[in-house]
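Take a look at the structure set out below.
Number of protein chains: 2
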Amino acid sequence: MRIGQLAQSVGVDTQTIRFYERQGLLPPPDRQENGYRVYTEKHGEGLAFIRRCRILGLSLAEIHELQSYQDDPHQPCTAVNALLDDHISHVRSQITALQALEKQLVSLRASCNDDREVEACGVLAGISEGNMHQQ
Amino acid sequence: MRIGQLAQSVGVDTQTIRFYERQGLLPPPDRQENGYRVYTEKHGEGLAFIRRCRILGLSLAEIHELQSYQDDPHQPCTAVNALLDDHISHVRSQITALQALEKQLVSLRASCNDDREVEACGVLAGISEGNMHQQ
DNA sequence: TTAAAACTATATAGTAGCTATAAGGTCAAT
DNA sequence: ATTGACCTTATAGCTACTATATAGTTTTAA
């Protein structure tokens, strides 16, 4: 299996595969005589794993960490669960921050309507005057 | 007022101020004979405006756009409001996406406890097997 | 058979918004 | 005279790719 086929089967760009290889997330595959990379089923699974992790919002560093656990299958999986717990709290704090931001933006937006000149715009005035509530 | 004082008064790094200047968000200030930048009150207001916009999550491009409106104060402020509306929907869709992600992560986490080996870890299995629900 | 299309390779730069580092010039105080 | 705090520019680093340039290889079609 060459890089293009692997890419298509997982739904990523060939560049991304080479990028993961350089980052140490995918093991360097064997090469044909002409230098083309040759991939196996294992590579496909590894790549799919990376992609699913990315969809879950994990960073490449976190994925690397998960891979290191996979390489040591008889350890307790405490660290895996802890990584996920950390990620969940990270996502939750992002949600909280964005909800606060949304409130702030909505209240700013309410301070204007479309029938004014820029000079009298409530939105711009609100930002300029800095009457922004914390967090 | 020199760059260090401006930076301290607004609470940013001096590097950030030079960066905004290069990006065209802050007008190039006058220089002393020795080349040091000299800032006025206006620069302070401009910088504070940028920072408040950043806190609201606006991109530098959006800030640039707002500044272009400020330079034309007798236009109607429709575009300002539209920019904010767009930003609000952007924030809302981020929230929605993160909430879906949180659900997914929590359900993944529920598939394991700490008393297993990595080999049997429900979390890793969940990711590897790809039984991930869309969005 | 040959020429074009489609694939592969590497290296490099760009994206966003800074932050950090290096290497140097300036200024006030000791 | 030298230390320290400030200023200058230029450059690289961060994340996770994506795009571009340039070149070699394979496959397909005429």
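Chain order of the listed sequences is H and S.
The opening position of the first sequence corresponds to residue 1 in full-length UniProt numbering, with each subsequent residue numbered one higher.
The opening position of the second sequence corresponds to residue 1 in full-length UniProt numbering, with each subsequent residue numbered one higher.
Here a beta-carbon is modelled for each residue, glycine too, at the ideal position from N, C-alpha and C.
Remember, predicted model here, so these are calculated numbers, not experimental data.
CB of Q94 (chain H) within 9 Å of CB of L84 (chain S), strictly: On the first sequence, position 94 is the one that residue 94 (chain H) refers to. On the second sequence, position 84 is the one that residue 84 (chain S) refers to. Not in contact: Q94 (chain H) and L84 (chain S) (Cβ atoms no closer than 9 Å).
Integer Cβ distance of R116 (chain H) from C77 (chain S), believed to fall under 8 Å: For the purposes of this step, residue 116 (chain H) is identified with residue 116 of the first sequence, where counting begins at 1. For the purposes of this step, residue 77 (chain S) is identified with residue 77 of the second sequence, where counting begins at 1. Yes, R116 (chain H) and C77 (chain S) are in contact; Cβ-Cβ is about 5 Å, under 8 Å.
Alpha helix (DSSP H) segment containing S107 (chain H), residue limits: Counting from one through the first sequence, the residue named residue 107 (chain H) turns up at place 107. Start and end: T78 to R109.
Per DSSP, the bridge partner or partners of V38 (chain S): Here residue 38 (chain S) is taken as the residue at index 38 of the second sequence, counted from 1. V38 (chain S) is bridged to S:D30.
Own chain, CB closer than 6 Å to T16 (chain S), minus 5 neighbours either side, in chain order: The residue labelled residue 16 (chain S) in the question sits at position 16 within the second sequence. Once the five neighbours on either side are set aside, T16 (chain S) has no close Cβ partner at all.
Between the CA atoms of D71 (chain S) and T14 (chain H) - distance to the nearest angstrom: Here residue 14 (chain H) refers to the residue found at position 14 when the first sequence is read from its first residue. Here residue 71 (chain S) refers to the residue found at position 71 when the second sequence is read from its first residue. Roughly 45 Å between the two C-alpha positions.
A120 (chain H) - containing alpha helix (DSSP H), residue span: By one-based count along the first sequence, residue 120 (chain H) stands at place 120. Careful: A120 (chain H) lies outside any alpha helix (DSSP H) and carries neither H nor E.
Beta-carbon neighbours of Q8 (chain S), restricted to chain H and to distances below 8 Å: Indexing the second sequence from 1 puts residue 8 (chain S) at position 8. Those do not exist, as Q8 (chain S) stays about 17 Å from chain H at its closest Cβ, beyond 8 Å.
V12 (chain S) CB to nearest heavy atom of the ligand NAP below 8 Å: In terms of ligand content, the structure shown is empty, and the ligand NAP therefore cannot be addressed.
Within chain H, the residues that V12 (chain S) reaches when beta carbons sit closer than 8 Å: Taking the first residue of the second sequence as position 1, residue 12 (chain S) is located at position 12. The premise fails here: V12 (chain S) is roughly 15 Å from chain H at the closest Cβ pair, so nothing lies under 8 Å.
Touching by the beta-carbon criterion (3+ pairs, under 8 Å), the segment 101-118 of chain S and the segment 17-31 of chain S: no
Proximity to S111 (chain H) [Cα-Cα], best of H:A100, H:L124 and H:L66: Working through the first sequence from its first residue, we reach residue 111 (chain H) at position 111. The option with the nearest alpha carbon to S111 (chain H) is H:L124.
Chain H contact residues for S59 (chain S), given Cβ-Cβ distances below 7 Å: Position 59 of the second sequence, counted from the first residue, corresponds to residue 59 (chain S). Neighbours of S59 (chain S) on chain H: none; closest Cβ ~14 Å, over 7 Å.
Limits of the alpha helix (DSSP H) - the one that K5 (chain H) falls within: Your numbering for residue 5 (chain H) matches position 5 in the first sequence. It should be pointed out that residue 5 (chain H) corresponds to Gln in this sequence rather than to Lys. I3 to V10 is the extent of the alpha helix (DSSP H) around Q5 (chain H).
Other residues of its chain near L101 (chain S): CB distance less than 6 Å, five sequence neighbours each side excluded: Counting from 1 along the second sequence, the entry for residue 101 (chain S) is found at position 101. Once the five neighbours on either side are set aside, L101 (chain S) has no close Cβ partner at all.
Any C-beta of chain S under 9 Å from that of H64 (chain H): Against the first sequence, residue 64 (chain H) aligns to sequence position 64. With 9 Å as the cut-off, H64 (chain H) does not count as an interface residue toward chain S.
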